[in-house]
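What follows is one structure encoded as structure tokens, with my remarks underneath.
Right under this line is the structure:
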């Protein structure tokens, strides 16, 4: 990805960085309104205005959407460190502390805690953008395949 330290969401270099991520329908469904605010090696900070398609009967952000954000942005943060593949999730753990409601602005901060030879560990925090209150905190552990030397 080159030198991406300090890039903001309106930087054209981010478009190509995000284009390297795999496209899936559900990913688009959840992430189509996601904005990248900061992209650094080992860290991605994004923001999102909670859309109607992601709320439950209580008008709050679905837990499944939060888990998806933890998983997807965790893998994206690993990708910023340059492995050829982000591999597969071994474990995703999310604790919920508060709710985000329709049209509320949230931010998702994904930080790689460790990238070893085959295992990566990422912390992802979802917060209310207005006051920094934690909505959910997640931990992703994933297997990162070793590159073949053949």
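In our numbering, the protein residues as written are 109 to 258.
Virtual Cβ for every residue (Gly too), placed ideally from N, Cα, C.
From a predicted model like this one, the values you see are computed outputs, not experimental measurements.
- Excluding five sequence positions before and after residue 229, the CB atoms of its chain that fall closer than 6 Å to its own CB belong to 221, 222 and 249, given in chain order.
- Within the same chain, and ignoring the five residues on either side of residue 187 in sequence, the residues whose Cβ sits closer than 6 Å to its Cβ are 194.
- In the structure shown, the three-state DSSP call for residue 169 is strand.
- In this structure, residue 182 sits near residue 232, with a CB-CB distance shorter than 9 Å.
- Residue 173 is classed as buried because its beta carbon has at least 16 other beta carbons within 10 Å across all chains shown.
- Bounds of any beta strand (DSSP E) do not take in residue 212, whose DSSP letter is neither H nor E.
- Within the same chain, and ignoring the five residues on either side of residue 179 in sequence, the residues whose Cβ sits closer than 7 Å to its Cβ are 197, 200 and 248.
- Under DSSP, residue 229 forms a beta bridge with 222 and 249.
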